[in-house]
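J.: From first to last, the protein sequence lines stand for chains A and B. With UniProt numbering applied, the first sequence covers 1 to 191. With UniProt numbering applied, the second sequence covers 1 to 231. Sharing a structure below in structure tokens format, with a few things to ask.
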Amino acid sequence: MAQKDIEVVGRDRERLVSALQLAAVGDASSLRIVYKLTSAKLFGICLRICGNRQAAEDILQDVYVKVWRRAGSFDSQRASPISWLAMIAHNAAVDWRRAQHHHGTLDDDAVLSIADEAPLADAVAEQDEDRRRLLSCLDGLDESQSSVIRRAFLDGMTYQQLSDESGTPLGTIKSWIRRGLQKLKECLNDG
Amino acid sequence: MVDPSPPTPDRDTLAAELALGLLEGTDRVEALRLCLSDPAFAAAVETWSLRLSPLLHAIPPVQPPEHIWKAVEARTGIGLSRDVSNIHSLRLWRGGALVCGAIAASLALFIAVRPSDLNAPAPMAVSQLVGAQGPAIMAIAFDARQGVLRLSTTSLPTGDKSPELWVIPEDGVPRSLGIIGTEGQELTVDPAHAKFLKSGVTLAITMEDTASAPHKAPSSQPVLTGKITVI
Numbered sequence: 001m002a003q004k005d006i007e008v009v010g011r012d013r014e015r016l017v018s019a020l021q022l023a024a025v026g027d028a029s030s031l032r033i034v035y036k037l038t039s040a041k042l043f044g045i046c047l048r049i050c051g052n053r054q055a056a057e058d059i060l061q062d063v064y065v066k067v068w069r070r071a072g073s074f075d076s077q078r079a080s081p082i083s084w085l086a087m088i089a090h091n092a093a094v095d096w097r098r099a100q101h102h103h104g105t106l107d108d109d110a111v112l113s114i115a116d117e118a119p120l121a122d123a124v125a126e127q128d129e130d131r132r133r134l135l136s137c138l139d140g141l142d143e144s145q146s147s148v149i150r151r152a153f154l155d156g157m158t159y160q161q162l163s164d165e166s167g168t169p170l171g172t173i174k175s176w177i178r179r180g181l182q183k184l185k186e187c188l189n190d191g
Numbered sequence: 001m002v003d004p005s006p007p008t009p010d011r012d013t014l015a016a017e018l019a020l021g022l023l024e025g026t027d028r029v030e031a032l033r034l035c036l037s038d039p040a041f042a043a044a045v046e047t048w049s050l051r052l053s054p055l056l057h058a059i060p061p062v063q064p065p066e067h068i069w070k071a072v073e074a075r076t077g078i079g080l081s082r083d084v085s086n087i088h089s090l091r092l093w094r095g096g097a098l099v100c101g102a103i104a105a106s107l108a109l110f111i112a113v114r115p116s117d118l119n120a121p122a123p124m125a126v127s128q129l130v131g132a133q134g135p136a137i138m139a140i141a142f143d144a145r146q147g148v149l150r151l152s153t154t155s156l157p158t159g160d161k162s163p164e165l166w167v168i169p170e171d172g173v174p175r176s177l178g179i180i181g182t183e184g185q186e187l188t189v190d191p192a193h194a195k196f197l198k199s200g201v202t203l204a205i206t207m208e209d210t211a212s213a214p215h216k217a218p219s220s221q222p223v224l225t226g227k228i229t230v231i
């Protein structure tokens, strides 16, 4: 990647950090900046996990209301701003799914157009050290472990849903995930 | 297929399972309840969420419809006025639970210079000042147009001395920006000093005698220091 692009990414990140800090002291225009920089990304996450456009729109609203209320708890020493925001969106979308008792597959046309993440992952990985480390640690796991962890997290699926979908016994799925998570933690802590 | 019994989950694995969204029904309810009763567990859930969050960066962005922002404005009340009082929301500095539990609030003070045009590519300056002893939380936003610093509440020491804010530019000479209260307030910056609030300069707070302020020079070690960076 060109040096210039890396600088742009770095600057956006710092802008986002400062906007979150300003939002924390009640600066309304800063929330607007956070929204402009991140809403498409967070909407993508909500859509992917909910699989329902209307729900994703409602959740996205909730996410930014939460960001406004809780910007003060963002700690730039601990997390990148986009990871922190993505976490909020992910949790809100998973909360919604668990409240729906959805056991089916994703059901909205909008979601069908979402591409496989692999090619994009490579492009993004260049920009993000945390992501690069995570992907490299996931690569170190058994294929069965890493794929089921990714699937759970990226699609908001429960143990039971993963088991039903793959026809793999529940206990096996749990073993894969728990052993995988243990190894993942060791790998991330070593790095 | 043989179904081996999975390893019994320890607390940290349970935290990961909640963070991943794997749990449902009573398992999920139990884990959420644990979040409320056990701050260490809540912190572990958040640690796992942040660990895995970079995976989400691969999901392609989708532009949300216009009306979402309007709704956010309406629900937060920020659409009513450009200059919603900062003071009422300062309590937010105490932070809140995002996954399920409290996040340790960062001990930081920062100053930010707002861009005069919000759509401009942001000449913002931000600094995090870290306390030398014990947790202190303060946020300062600098409105360059009005020359006003807006200060949040703080847990700086109380007593017969007051916190005095200093800017220390390239020449290394501290200039007093004035005494700040321990409650949220506004502080008008001397225009002669406002020009120092830029990239690379150090900000500091020392505890000083109230009556004789502002002072020519600090008399004690700073309780908070940090540097401004312009973005």
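The C-beta atom is built at its ideal place from N, Cα and C for all residues, glycine as well.
#1: Start and end of the beta strand (DSSP E) containing B:V207?
#2: Which chain B residues are close to A:S83, counting only those with a beta carbon under 7 Å from its beta carbon?
#3: Out of A:F153, A:D128 and A:T172, which has the shortest C-alpha to C-alpha gap to B:L22?
#4: Ordered along the chain, which non-local residues of its own chain (more than five positions away) have a Cβ less than 7 Å from that of B:A217?
#5: Less than 8 Å between the CB atoms is what I'm expecting for A:K183 and A:L135, so what's the real figure, rounded?
#6: Given a threshold of 16 other Cβ atoms within 10 Å of its Cβ, counted over all protein chains shown, does B:H67 qualify as buried or as exposed?
#7: For A:V94, decide whether its Cβ has a neighbour in chain B, counting only Cβ atoms nearer than 8 Å.
#8: Alpha carbon to alpha carbon, how far is A:D139 from A:A24?
#9: Per DSSP, what kind of secondary structure is A:S147 in: helix, strand or coil?
#10: When the cut-off is 8 Å and only beta carbons count, does A:D142 lie next to chain D?
#11: Mind listing the chain A neighbours of B:T202? Cutoff is C-beta to C-beta under 7 Å, in chain order.
#12: Between the alpha carbons of A:W96 and B:I180, how many angstroms are there, rounded?
#13: Judging by CA-CA distance, which residue of A:A28, A:C187, A:C50 and A:R48 is the nearest neighbour of A:R133?
#14: Which bits of chain B does A:Q160 rub up against, with CB to CB less than 7 Å?
#15: Kindly indicate if chain B contains any beta-carbon less than 8 Å away from that of A:E186.
#16: When the Cα atoms are used, what is the spatial distance from B:N119 to A:G167?
#17: Decide yes or no for the touch test of the segment 38-47 of chain A against the segment 56-73 of chain B: beta carbon pairs closer than 8 Å, at least 3 of them.
#18: With distances taken from CA atoms, which of A:C46, A:A71, A:G171 and A:Q100 is nearest A:N91?
#19: With DSSP run on the structure shown, which of helix, strand or coil describes A:R78?
#20: Looking only at DSSP bridge pairs, what is B:I179 linked to?
#21: Taking the beta carbon of residue 239 of chain B as the centre, do at least 16 other beta carbons fall within 10 Å, making it buried, or is it exposed?
#22: Does the distance from the CB of B:L55 to the CB of A:M87 come in under 8 Å?
#23: Taking C-beta pairs closer than 7 Å, name the residues in chain B that A:G156 reaches, listed in chain order.
#24: State the CB to CB distance for the pair A:I49 and A:V94, rounded to an integer number of angstroms; the pair is presumed to be in contact (CB under 8 Å).
#25: Thinking just about the alpha-carbon of each residue, which of A:S146, A:S147, A:C137 and A:R13 is nearest to the one in A:L85?
#26: For chain A, find out if any of its Cβ atoms is closer than 8 Å to the Cβ of B:Q146; answer yes or no.
#27: Assuming residue 280 of chain B and B:M207 are in contact, meaning their beta carbons sit under 8 Å apart, how far apart are those beta carbons, in whole angstroms?
#28: Taking the alpha carbon of B:P169 as the point to measure from, which residue in B:H215, B:A43, B:T202 and B:D209 has its own alpha carbon closest?
#29: Nearest by alpha-carbon distance to A:S144: which of A:G44, A:I177 and A:C137 is it?
T.: Put simply:
#1: For the purposes of this step, residue 207 of chain B is taken as residue 207 along the second sequence, with counting starting at 1. Checking the sequence, you will find Met at residue 207 of chain B rather than Val. Element bounds for B:M207: T202 to D209.
#2: The residue given as residue 83 of chain A occupies position 83 in the first sequence. Taking a Cβ-Cβ cut-off of 7 Å, the neighbours of A:S83 in chain B comprise L50, S53 and P54, given in sequence order.
#3: Numbered from its first residue, the second sequence carries residue 22 of chain B at position 22. Measuring from the Cα of B:L22, the nearest candidate turns out to be A:F153.
#4: One-based indexing of the second sequence puts residue 217 of chain B at position 217. By the criterion of a C-beta distance shorter than 7 Å, B:A217 is surrounded in its chain by P174, once the five residues flanking it on both sides are discounted.
#5: Here residue 183 of chain A refers to the residue found at position 183 when the first sequence is read from its first residue. Here residue 135 of chain A refers to the residue found at position 135 when the first sequence is read from its first residue. Between A:K183 and A:L135 the beta-carbon gap is near 14 Å, outside 8 Å, which marks them as no contact.
#6: Translated into positions along the second sequence, residue 67 of chain B becomes position 67. By the neighbour-count rule (16 or more Cβ atoms within 10 Å), B:H67 is not buried but exposed.
#7: As a first step, residue 94 of chain A must be located in the first sequence, where it is residue number 94. Yes - at least one Cβ of chain B is within 8 Å of the one on A:V94.
#8: Looking up residue 139 of chain A in the first sequence gives position 139. Looking up residue 24 of chain A in the first sequence gives position 24. Computed Cα separation, rounded: 37 Å.
#9: For this step, residue 147 of chain A is matched to residue 147 along the first sequence. The answer is helix: DSSP assigns A:S147 an H, G or I state.
#10: Structure shown: chain D not included; protein chains present are A and B.
#11: Indexing the second sequence from 1 puts residue 202 of chain B at position 202. The contacting residues do not exist; B:T202 stays about 18 Å from chain A at best.
#12: Position 96 of the first sequence, counting from 1, holds the residue named residue 96 of chain A. Position 180 of the second sequence, counting from 1, holds the residue named residue 180 of chain B. Computed Cα separation, rounded: 44 Å.
#13: Position 133 of the first sequence, counted from the start, is the residue given in the question as residue 133 of chain A. The option with the nearest alpha carbon to A:R133 is A:C187.
#14: Mapped onto the first sequence, residue 160 of chain A falls at position 160. Counting only Cβ-Cβ distances below 7 Å, A:Q160 has contacts in chain B at E24, in chain order.
#15: Taking the first sequence and counting its residues from 1, the one referred to as residue 186 of chain A is at position 186. Taking a beta-carbon distance threshold of 8 Å, A:E186 does not count as an interface residue toward chain B.
#16: In the second sequence, counting from the first residue as 1, residue 119 of chain B sits at position 119. In the first sequence, counting from the first residue as 1, residue 167 of chain A sits at position 167. Note that B:N119 scores a pLDDT of 37, beneath 50, so its modelled location is shaky and nothing firm can be said.
#17: Yes: at least three Cβ pairs fall under 8 Å.
#18: Translated into the one-based positions of the first sequence, residue 91 of chain A becomes position 91. If we check each option's Cα against that of A:N91, A:C46 comes out closest.
#19: Residue 78 of chain A sits at position 78 when you count from the first residue of the first sequence. A:R78 falls in the coil class under three-state DSSP.
#20: Walking along the second sequence from the start, residue 179 of chain B turns up at place 179. Within the DSSP bridge table, the entry for B:I179 names B:E164 as partners.
#21: Given that chain B is displayed from residue 1 to residue 231, the structure contains no residue 239 of chain B and the question cannot be resolved.
#22: Within the second sequence, residue 55 of chain B is the residue found at index 55, counting from 1. Within the first sequence, residue 87 of chain A is the residue found at index 87, counting from 1. The answer is no: Cβ separation not under 8 Å.
#23: Here residue 156 of chain A is taken as the residue at index 156 of the first sequence, counted from 1. The contacting residues are G21.
#24: Numbered from 1 along the first sequence, position 49 holds the residue referred to as residue 49 of chain A. Numbered from 1 along the first sequence, position 94 holds the residue referred to as residue 94 of chain A. Contact flag correct, Cβ pair sits at about 6 Å.
#25: As a first step, residue 85 of chain A must be located in the first sequence, where it is residue number 85. Proximity to A:L85 across A:S146, A:S147, A:C137 and A:R13 peaks at A:R13, based on C-alpha coordinates.
#26: Counted from its first residue, the second sequence places residue 146 of chain B at position 146. Under the Cβ criterion of 8 Å, B:Q146 is not counted among the residues facing chain A.
#27: Outside the shown range of chain B, which is 1 to 231, sits residue 280 of chain B, and nothing can be said about it.
#28: Looking up residue 169 of chain B in the second sequence gives position 169. Measuring from the Cα of B:P169, the nearest candidate turns out to be B:T202.
#29: Numbered from its first residue, the first sequence carries residue 144 of chain A at position 144. The closest CA to that of A:S144, considering only A:G44, A:I177 and A:C137, is found on A:I177.
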